[in-house]
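Each remark here refers to the structure printed beneath this line.
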Amino acid sequence: MLICGRKEKRPKIDSLYLTSNVVLWIVMKLTVKDILDKKKKKEKIVVLTAYDALFASLQEECDVDVLLVGDSLGMVLLGHSSTVPVTLRDMIHHTKAVSRGSKNSLIVADMPYGVCEQGPEHTVRSALRLIKEGGAHAVKIEGGQEKKKQIQALAEAGIPVMGHLGLTPQSVEKLGGYRVQGKQAKDAAKIEKDALFLEKAGAFSIVLECVPRLLAKRISKKLKIPTIGIGAGSDCDGQVLVTQDLLGMGENSCYRFVRQYTNLRKTIKKSIQSYVSDVRSGKFPNAKESF
Ligand code: KIV
Numbered sequence: 037m038l039i040c041g042r043k044e045k046r047p048k049i050d051s052l053y054l055t056s057n058v059v060l061w062i063v064m065k066l067t068v069k070d071i072l073d074k075k076k077k078k079e080k081i082v083v084l085t086a087y088d089a090l091f092a093s094l095q096e097e098c099d100v101d102v103l104l105v106g107d108s109l110g111m112v113l114l115g116h117s118s119t120v121p122v123t124l125r126d127m128i129h130h131t132k133a134v135s136r137g138s139k140n141s142l143i144v145a146d147m148p149y150g151v152c153e154q155g156p157e158h159t160v161r162s163a164l165r166l167i168k169e170g171g172a173h174a175v176k177i178e179g180g181q182e183k184k185k186q187i188q189a190l191a192e193a194g195i196p197v198m199g200h201l202g203l204t205p206q207s208v209e210k211l212g213g214y215r216v217q218g219k220q221a222k223d224a225a226k227i228e229k230d231a232l233f234l235e236k237a238g239a240f241s242i243v244l245e246c247v248p249r250l251l252a253k254r255i256s257k258k259l260k261i262p263t264i265g266i267g268a269g270s271d272c273d274g275q276v277l278v279t280q281d282l283l284g285m286g287e288n289s290c291y292r293f294v295r296q297y298t299n300l301r302k303t304i305k306k307s308i309q310s311y312v313s314d315v316r317s318g319k320f321p322n323a324k325e326s327f
């Protein structure tokens with residue numbers, strides 16, 4: 037895509053100098069291949085969750101590489117106590133919004149609980165809906181070898197897959213809660229084996245959630261595809277966080293692995309409280325704010 041624009045800093049763009057202050061922009065869309073190349077070039081991959089057009093556009097302006105439409109939206113936005121109730125319809129709805137807000141980022145949409153469980157054909161049909169209707173470029177699937185048929189079916193259909201190992205929230209009941217996975221040698225070996233399996237099956241990257249740092253390091257070294265860590269230490273090839281966590285928007289205190297860069301919840305509440313009080317006292321609107 038070619039865009040003629042003013043000279044300014046724009047992310048992921050190759051620019052061709054035209055005159056002193058006008059530049060012809062060649063807008064570069066980030067692809068799965070770019071993500072793979074980043075590992076080769078030892079460039080860290082920046083991933084954040086996005087659930088709507090507003091945040092997607094802000095994140096793109098901040099040069100985030102991958103927008104993950106995570107099924108965490110069920111807990112962060114929709115008031116569910118886990119990701120389990122999130123439906124394919126929810127995911128398509130939010131993926132559509134993210135793709136409206138983003139032009140250049142790679143959009144990865146989560147396959148919600150219950151899709152893979154209905155077999156490989158249903159998995160491919162659902163992934164195609166996330167891509168064709170939602171505008172996703174790739175899908176994310178939780179689990180390893182137990183999803184072999186589904187992952188192979190997606191690979192045969194040419195659909196890019198991001199894996200997800202370690203703490204897989206859709207299996208929170210089976211895992212006995214939101215806790216670090218792979219602390220025991222036997223569990224660590226299973227995660228490592230699953231990671232190698234996912235790479236062989238054609239996944240282009242793997243999220244490693246809440247696993248010991250050294251395990252994540254070992255896996256990241258063994259794989260050619262990038263690992264994206266969340267609570268998995270700094271040796272992963274990229275990092276992901278839930279955006280609302282890093283912005284301090286949640287009601288509850290965050291997990292240890294989250295770095296809270298601000299406390300937007302406090303700021304937002306203060307502003308809303310001021311509005312409430314101004315309306316009640318008659319201070320809003322004033323003459324300037326009226327016609
Ligand atoms: O659903 C989600 O947001 C995720 C990330 C936290 C990795 O799976």
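If you read the sequence shown in this note's numbering, its first letter stands for residue 37, the second for the next number, and so on.
Glycine is no exception: its CB is placed at the ideal position from the N, C-alpha and C atoms.
Quantities reported herein were computed from a predicted structural model and do not represent experimental measurements.
Give me whichever residues DSSP pairs with residue i in a beta bridge.
{"i": "residue 324", "result": "Beta-bridge pairing links residue 324 to no other residue."}
{"i": "residue 199", "result": "177 and 242"}
{"i": "residue 275", "result": "82 and 265"}
{"i": "residue 103", "result": "84 and 143"}
Kindly indicate which three-state DSSP category residue i falls into: helix, strand or coil?
{"i": "residue 175", "result": "strand"}
{"i": "residue 115", "result": "coil"}
{"i": "residue 235", "result": "helix"}
{"i": "residue 127", "result": "helix"}
{"i": "residue 138", "result": "coil"}
{"i": "residue 152", "result": "helix"}
{"i": "residue 61", "result": "Here residue 61 scores only 49 on pLDDT, less than 50, and its place in the model is too uncertain to base an answer on."}
{"i": "residue 225", "result": "helix"}
{"i": "residue 311", "result": "helix"}
{"i": "residue 170", "result": "coil"}
{"i": "residue 160", "result": "helix"}
{"i": "residue 319", "result": "coil"}
{"i": "residue 67", "result": "coil"}
{"i": "residue 110", "result": "helix"}
{"i": "residue 192", "result": "helix"}
{"i": "residue 90", "result": "helix"}
{"i": "residue 287", "result": "coil"}
{"i": "residue 298", "result": "coil"}
{"i": "residue 282", "result": "helix"}
Should residue i and residue j be called a contact, given that it needs their Cβ atoms to be closer than 8 Å?
{"i": "residue 105", "j": "residue 163", "result": "no"}
{"i": "residue 186", "j": "residue 152", "result": "yes"}
{"i": "residue 271", "j": "residue 80", "result": "no"}
{"i": "residue 148", "j": "residue 189", "result": "no"}
{"i": "residue 174", "j": "residue 134", "result": "no"}
{"i": "residue 177", "j": "residue 195", "result": "no"}
{"i": "residue 89", "j": "residue 136", "result": "yes"}
{"i": "residue 231", "j": "residue 201", "result": "yes"}
{"i": "residue 179", "j": "residue 132", "result": "no"}
{"i": "residue 264", "j": "residue 83", "result": "yes"}
{"i": "residue 128", "j": "residue 161", "result": "no"}
{"i": "residue 267", "j": "residue 234", "result": "no"}
Here's the rule I'm using: 16 or more other beta-carbon atoms within 10 Å means buried, otherwise exposed. How should residue i be labelled?
{"i": "residue 183", "result": "buried"}
{"i": "residue 220", "result": "exposed"}
{"i": "residue 217", "result": "buried"}
{"i": "residue 212", "result": "exposed"}
{"i": "residue 262", "result": "buried"}
{"i": "residue 172", "result": "buried"}
{"i": "residue 225", "result": "exposed"}
{"i": "residue 71", "result": "buried"}
{"i": "residue 332", "result": "Residue 332 is absent from the structure shown; the chain starts at 37 and stops at 327."}
{"i": "residue 256", "result": "buried"}
{"i": "residue 323", "result": "exposed"}
{"i": "residue 241", "result": "buried"}
{"i": "residue 64", "result": "exposed"}
{"i": "residue 327", "result": "exposed"}
{"i": "residue 250", "result": "exposed"}
{"i": "residue 310", "result": "exposed"}
{"i": "residue 298", "result": "exposed"}
{"i": "residue 308", "result": "exposed"}
Does at least one heavy atom of ligand 2 sit under 7 Å from the Cβ of residue i?
{"i": "residue 106", "result": "For the structure depicted, ligand 2 is absent and the ligand set comprises only ligand 1."}
Next on the checklist: Counting beta carbon pairs with one atom in the stretch 111-120 and one in the stretch 133-142, are three or more of them shorter than 8 Å?
Outcome noted: No contact exists between the stretch 133-142 and the stretch 111-120.
Requested in this report: Kindly confirm or deny that the stretch 118-130 and the stretch 281-295 touch, where touching means at least three C-beta pairs closer than 8 Å.
Outcome: Contact between the stretch 118-130 and the stretch 281-295 is absent: fewer than 3 CB-CB pairs across the two stretches fall below 8 Å.
(message) Could you check whether the stretch 276-290 touches the stretch 311-326, counting it as contact only if at least three pairs of C-beta atoms, one from each stretch, sit closer than 8 Å?
(response) Not touching, per the Cβ criterion.
### Query
Are three or more beta carbon pairs between the stretch 271-280 and the stretch 78-97 nearer than 8 Å?
Taking 8 Å as the limit for Cβ pairs, the verdict is that the stretch 78-97 does touch the stretch 271-280.
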